[in-house]
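Remarks on the structure that follows.
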Amino acid sequence: MKRKSRLLVPMIALLGLAGIVSGCSSNEAAKEETGDKVILVGTQNDYPPFAFADENNELTGYDIDVVKEIDKKLDGYTFEFVATPWDSMFLALESNKIQAVADQIAKTPDREEKYLFTDESYFAAETVIVVKSGRSDIKSIEDLEGKKVGALAGDSYTLLLEEHNKKAENDIILKYSESGTPSEILQDVQNGRIDAYVNDPIMINTVLEKYDLDVEIVGQPIVQDDMGIVFKDEKQGEELKALVDPVIKQLKEDGTLAELSKKWTGGEYIPE
């Protein structure tokens, strides 16, 4: 019988990805106990409601639940989650410290050149602008030109702004965060250290409810992205992709993804 997925919640430090290494002994124990092949799935622990640590320091959220549903349907595999900082995520994948990423990763041409994405997307996310409440001079991406905007290196929202700068006469001034957490960037917006932030409205509203920040979403969504599970572009990644794609399709068709989306976000944000 298929065993339930296990949770690992080590904080992967920047020094040598020590948290991942600490999970290796747990992986061996899982293999011996279940006979399953263990697949380590990297995700953040501070990106609510998609992937975050709860009051018991266990990973939870929409992306976590989606992978758990996939795990239930794949005999011979056990999926374990590893809390990984955003700036270490793809390095961990490339070095095989993790074998998959489920962390609201948008499909972009550059990423699809380097990594394997599931053909089936499991979430459709919008991109919006956040400013300090009451500010009226920013409504669009063009209005960000010449302004200081919070950024996380390598995420799809930052890539969008970097691409805009390539054709803009007046650059958006990107302020790359050292903390790597959206909540701290939103606090910088509130406190006036930066002018705006660009990210997903569902995550933003979840953070606002938790911290009661004096910021607001303005204008119309800039773009909509489809999110996929990511694998290393190699034989094992191809095998996992071939197994996972049909399961995501099934979870769409039977309404599971819609129910999970409503549970965590309050709406159905499932791509066709």
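Counted the way mature numbering (1 follows the signal peptide of the UniProt record, and there is no 0) counts, the sequence shown spans residues -23 to -1, 1 to 249. Backbone N, C-alpha and C define an ideal beta-carbon position, used for all residues, glycine too.
(message) Let me confirm a value: T135 is counted as buried when at least 16 other C-beta atoms fall within 10 Å, else exposed. Which label applies?
(response) buried
(message) Comparing C-alpha positions only, which one of V200, S113, L237 sits nearest to E103?
(response) V200
(request) Reducing DSSP to helix, strand and coil, say where D40 ends up. (result) helix
(message) Less than 7 angstroms between the C-beta atoms of V108 and V195, yes or no?
(response) yes
(message) Can you tell me whether N22 is buried or exposed? The criterion is at least 16 other CB atoms within 10 Å of its CB, across all chains shown.
(response) buried
(message) Restricting to Cα atoms, I'd like to know which of P26, G123, K124 is closest to I181.
(response) P26
(request) Look at the Cβ atom of K209, then the Cβ atom of L68, and state whether they are nearer than 7 angstroms. (result) no
(message) Rounded to whole angstroms, what is the Cα-Cα separation between K226 and G38?
(response) 20 angstroms
(message) Quick check: V78 and G19, are their CB atoms within less than 7 angstroms of each other?
(response) yes
(message) If the criterion is Cβ atoms closer than 7 angstroms, does the pair L151 and A173 meet it?
(response) no
(message) I'd like the span of the alpha helix (DSSP H) that includes F67, first residue to last.
(response) 66 to 71
(request) Please determine if the stretch 218 to 225 and the stretch 87 to 99 are in contact, where contact requires at least 3 C-beta pairs separated by less than 8 angstroms. (result) yes
(message) By alpha-carbon positions, which one of V126, T233, K240, N34 ends up nearest to S154?
(response) V126
(request) Locate the alpha helix (DSSP H) running through N22, then write down its first and last residues. (result) That residue, N22, is in no alpha helix (DSSP H); it is neither H nor E in DSSP.
(message) Please classify G205 as buried or exposed, where buried requires at least 16 other C-beta atoms within 10 Å of its C-beta.
(response) buried
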